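Below: the structure, in structure tokens.
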Amino acid sequence: MAAFERTPAATAQHVRLQAAQLATHLQRQQSAVDHREAELNARTAAIENQMRGARLWLDERHAELATAQEELDRRERELTAREAELNAAGTRRSLPADATELERKAVELERREAELEAMAGRVAQRFEASESQLPPTAAQALARQRAHLERAEKMLASAQAEVERQRRTLHEQQREHAEAAEAEQRRLAAIEQRHAEEHKRQQQQLKRLADGLAAREAALERTRNEVKHGQQDALEMRLATEELWSRLCGTMAPAALVQSLAEVRRKLAAEWASQKKELNEERTQLQELAKRLAEQHDKLSQQRTEAQTWVDRRRLELEESASVLAARERQLEQQQAQLADRLAEWQTERSKLEQEVRTLLSKAESPGSCAAA
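53 is the number of the first residue of the sequence shown in my numbering; add one for each residue after it.
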């Protein structure tokens, strides 16, 4: 009877012991689950913090890109205004386009875009394959992170598209400036050729005038010699007349002698007046010709000086325009370099996020395997 009574007591004690052991085991499992849940929540919070940091970084970069775009638009407006001024003045020039460097940058950008697209595809596949194995909280965190990455990729694609647009615009501007500079160079060459031809023609005209002046001077010298010889002849005639007068004093009547001498004097005076008049006319013509020659020479010198000044001023304006375009090209190259640096930073940040995602996936898979065991 006593044994029969002890048997239920022992059974109850055994049941209580098993219940206590089961409760302890369940508490340990609950603690482990709570610990894992807390750890997962902490990791999710860390990922969210990192995503917020990445989003803040991307927002800052987007703001920088917007600022750079505004600055670029402002500079393009300034360049457009400057081009209008240059078009009004007929002076435009450009630097030679560095097509090889721009093509290399275009290939580099396309390669980076392809790498980003391939990486995004791989990450998307891994996310889709692992979402079904993750707890709801981790799946939501990964979904948020994927959405964040997609937004960042869109922003990066937009920035790259803007760089490509700026590069095309720069190519077009360089082509237009090259064509305008070539046309301006042809026009300047034609103007210089016309000035050279005009200078040559005026030089020939001056030479003809100088030759004519030399001929006139020679004619004047001949006239002077003739006048000199005429004066000598007149003196000789006067001596002969005086000698004749002394001889005829005793043979001719005084009235006839006076009339003969008056006739001789009249002829001498007429001859002298005619030669003097011709000499004065030659002198006047030579003076007028010398004056015209001096005026032509001064006019030619002034035209040549004005033409050279105009050509020098146009060349200086073209050099200033080329300097402005070179500065703008350097600024665009700096912006492309900055975008390349930002792309590298973004790739680094993305690699870090992918590593954290892989770590989260591996840690999230570990509790599932332990529970299955």
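Each residue gets a CB set at the ideal place from its N, CA and C atoms; glycine is no exception.
Remember, it's a predicted structure, so these values are computed and weren't measured experimentally.
query: Cβ distance (whole Å) where Arg356 is taken to contact His251 below 8 Å; result: 6 Å
query: Contact check, Arg335 vs Leu265, beta carbons under 8 Å; result: no
query: Identity of the residue in Ala262, Arg394, Ala392 nearest His349 by Cα; result: Ala262
query: Sequence-distant residues of the same chain with beta carbon closer than 8 Å to Arg276, five excluded per side; result: Leu331
query: Test item: CB-CB of Leu377 and Leu258 under 8 Å; result: no
query: Sub-8 Å separation of Gln218 and Leu384 beta-carbons; result: yes
query: Buried/exposed call for Leu69, threshold 16 Cβ in 10 Å; result: exposed
query: Cα-Cα separation between Thr119 and Arg126, rounded to whole angstroms; result: 11 Å
query: Length of the line joining the Cα atoms of Thr411 and Trp398; result: 20 Å
query: Ala338 vs Arg239 beta-carbon contact at 8 Å; result: It is worth fixing the name first, because residue 338 is Leu in this sequence and not Ala. Going by C-beta atoms, Leu338 is not nearer than 8 Å to Arg239.
query: Closest Cα partner of Leu405 within the set Ala270, Arg260, Gln390, Ala199; result: Ala199
query: Proximity of Glu234 and Val363 at Cβ, strictly below 8 Å; result: no
query: Environment of Arg220 [buried if 16+ CB atoms lie within 10 Å]; result: exposed
query: Contact under 8 Å by Cβ, Leu370 with Glu236; result: yes
query: Nearest-angstrom beta carbon gap, Leu341 and Gln254 [assumed within contact, 8 Å]; result: Wrong, their Cβ atoms sit about 16 Å apart, outside the cutoff.
query: C-alpha gap between Glu381 and Ala374, whole angstroms; result: 10 Å
query: Length of the line joining the Cα atoms of Arg365 and Gln256; result: 29 Å
query: Leu391 versus Thr76 - alpha carbon distance; result: 60 Å
query: Contact belief for Ala379 with His247 at Cβ below 8 Å, rounded distance in angstroms; result: The Cβ separation is near 33 Å, so there is no contact.
query: With 16 other Cβ atoms within 10 Å as the buried cut-off, status of Leu108; result: exposed
query: Residue environment, Ala232, which counts as buried when at least 16 other CB atoms sit within 10 Å; result: buried
query: Straight-line Cα distance separating Lys343 from Ala325; result: 27 Å
query: Rounded straight-line distance, which links the Cα of Ala242 to that of Glu278; result: 53 Å
query: Spatial distance of Glu130 from Glu372 (CA atoms); result: 14 Å
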